[in-house]
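Worksheet: the structure to be examined is printed underneath.
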């Protein structure tokens, strides 16, 4: 079946602009995660959605970052007033139930470059 | 919160040698420890995991060991092959937390 998809695959923007990154999880997966991957920094947790529960936003680095998940499926990560340090690969993952021991299935990522 | 340290950051071996990657964690309540492999330009994928009620788990050429007392766990790859070249991430979580990942180890296997 279809895996996790993300769009766009690459995004180049100018400092100060807003960007929106999209994630389509595997159909039926109730949990969705956003991570940021910077060179040498591993996978940095950003935000976690589980069903209809309030999202866990504990990983968002600043109030410029926000995310929503509509209808329990597609999610959008928004970065406002982008800064050069926001340049990274943004990865989305989904899992069947949100149990931490579920396998997380990752998307291909969106490479964001802020000039 | 949980903190996961991973070593080494890079590891170069000759084909056929063994490779060992080590991780330590800080939260004694953590009870689930997966390993993900990310090949160049591709997405991370789960390769093996271990839960705190076992000390070792094997799957063909890969194995993971867990020492709960010392709060560390390791990935062992035997008879390495060039296709094992990738970045490997360890992670830890307990029942009500999301995964905390280490910073990754780049494994290079030379023919």
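Chains as they are written, first to last, in the working numbering: chain A, 82 to 196; chain B, 1094 to 1204.
No residue lacks a Cβ here, since even glycine has one placed at the ideal position from N, Cα and C.
Computed from a predicted structure; not experimentally measured.
Q: Identify whether residue 1117 of chain B lies in helix, strand or coil by the three-state DSSP scheme.
A: By one-based count along the second chain, residue 1117 of chain B stands at place 24. DSSP places residue 1117 of chain B in strand when its eight states are reduced to three.
(Q) Strictly below 9 angstroms CB to CB, what residues from chain B border residue 182 of chain A? (A) Residue 182 of chain A sits at position 101 when you count from the first residue of the first chain. For residue 182 of chain A, the residues of chain B that pass the 9 angstroms Cβ criterion are 1124, 1125, 1127, 1142, 1144, 1186, 1188, in the order they occur in the chain.
Q | At least 3 beta-carbon pairs within less than 8 angstroms: the region 1097-1104 of chain B vs the region 100-107 of chain A | A | no
Q) Residues of chain B with a CB under 8 angstroms from the CB of residue 161 of chain A: which are they? A) Reading the first chain from its first residue, position 80 is the one you call residue 161 of chain A. Near residue 161 of chain A there are no residues of chain B at all, since even the closest Cβ is about 24 angstroms away, more than 8 angstroms.
Q: Determine the chain A residues that contact residue 1130 of chain B at a beta-carbon separation under 9 angstroms, and present them in chain order.
A: Residue mapping note: residue 1130 of chain B aligns to position 37 of the second chain, counting from 1. Chain A residues near residue 1130 of chain B: none, gap ~11 angstroms exceeds 9 angstroms.
**Q.** Nonlocal neighbours in the same chain, by C-beta distance under 7 angstroms from residue 1138 of chain B, ignoring five residues either side
**A.** Looking up residue 1138 of chain B in the second chain gives position 45. Same-chain partners within the cutoff: 1129, 1130.
Q.
Quick check: what's the CA-CA separation for residue 1146 of chain B versus residue 1126 of chain B?
A. By 1-based counting over the second chain, the position of residue 1146 of chain B is 53. By 1-based counting over the second chain, the position of residue 1126 of chain B is 33. Their Cα atoms are separated by approximately 11 angstroms.
Q) For residue 130 of chain A, which residues in chain B fall below 9 angstroms Cβ to Cβ? A) Within the first chain, residue 130 of chain A is the residue found at index 49, counting from 1. Proximity of chain B to residue 130 of chain A at the Cβ level (cut-off 9 angstroms) is not reached, the minimal Cβ distance being about 11 angstroms.
Q: Check the Cβ of residue 114 of chain A against every Cβ in chain B and list those closer than 9 angstroms, keeping chain order.
A: Sequence index remark: in the first chain, residue 114 of chain A carries index 33 (1-based). Near residue 114 of chain A (Cβ distances below 9 angstroms), the residues of chain B are 1191, 1192.
Q: Spell out whether any CB of chain C is found under 8 angstroms from the CB atom of residue 1164 of chain B.
A: This model lacks chain C altogether; the protein chains it does include are A and B.
Q: May I ask which residues mark the beginning and end of the beta strand (DSSP E) holding residue 1187 of chain B?
A: Taking the first residue of the second chain as 1, we reach residue 1187 of chain B at position 94. From DSSP, residue 1187 of chain B is part of no beta strand (DSSP E); its letter is neither H nor E.
Q. Of all the CB atoms in chain B, is at least one closer than 8 angstroms to the CB of residue 141 of chain A?
A. As a working mapping, residue 141 of chain A is identified with position 60 in the first chain. With 8 angstroms as the cut-off, residue 141 of chain A does not count as an interface residue toward chain B.
Q) If you compare alpha carbons, which of B/1197, B/1177, B/1190 is closest to residue 1110 of chain B? A) Position 17 of the second chain, counted from the first residue, corresponds to residue 1110 of chain B. Cα-wise, what sits closest to residue 1110 of chain B is B/1177.
Q | For residue 165 of chain A, the nearest candidate out of A/98, A/86, A/155 (CA to CA) | A | Numbered from 1 along the first chain, position 84 holds the residue referred to as residue 165 of chain A. Nearest option by C-alpha distance: A/98.
Q. Does DSSP classify residue 151 of chain A as helix, strand or coil?
A. Your numbering for residue 151 of chain A matches position 70 in the first chain. Residue 151 of chain A: helix per DSSP, three-state reduction.
Q) Within the 8 angstroms Cβ cut-off, does residue 1197 of chain B reach chain A? A) Looking up residue 1197 of chain B in the second chain gives position 104. Yes - at least one Cβ of chain A is within 8 angstroms of the one on residue 1197 of chain B.
Q | First and last residue of the uninterrupted beta strand (DSSP E) at residue 87 of chain A | A | By 1-based counting over the first chain, the position of residue 87 of chain A is 6. Unbroken beta strand (DSSP E) run through residue 87 of chain A: 86-88.
Q.
Mapping the DSSP letters down to three states, classify residue 164 of chain A as helix, strand or coil.
A. The residue labelled residue 164 of chain A in the question sits at position 83 within the first chain. Coil.
**Q.** residue 91 of chain A, enclosing beta strand (DSSP E) - first and last residue
**A.** As a first step, residue 91 of chain A is located in the first chain; it is residue number 10 there, counting from the start. 91-94 is the extent of the beta strand (DSSP E) around residue 91 of chain A.
Q) When the distance is taken between beta carbons, is residue 150 of chain A closer than 8 angstroms to residue 124 of chain A? A) For the purposes of this step, residue 124 of chain A is taken as the residue at position 43 of the first chain. For the purposes of this step, residue 150 of chain A is taken as the residue at position 69 of the first chain. Not in contact: residue 124 of chain A and residue 150 of chain A (Cβ atoms no closer than 8 angstroms).
Q: Please go through the region 1140-1170 of chain B and give each complete alpha helix (DSSP H) segment of 4 or more residues, from N-terminal end onward.
A: none
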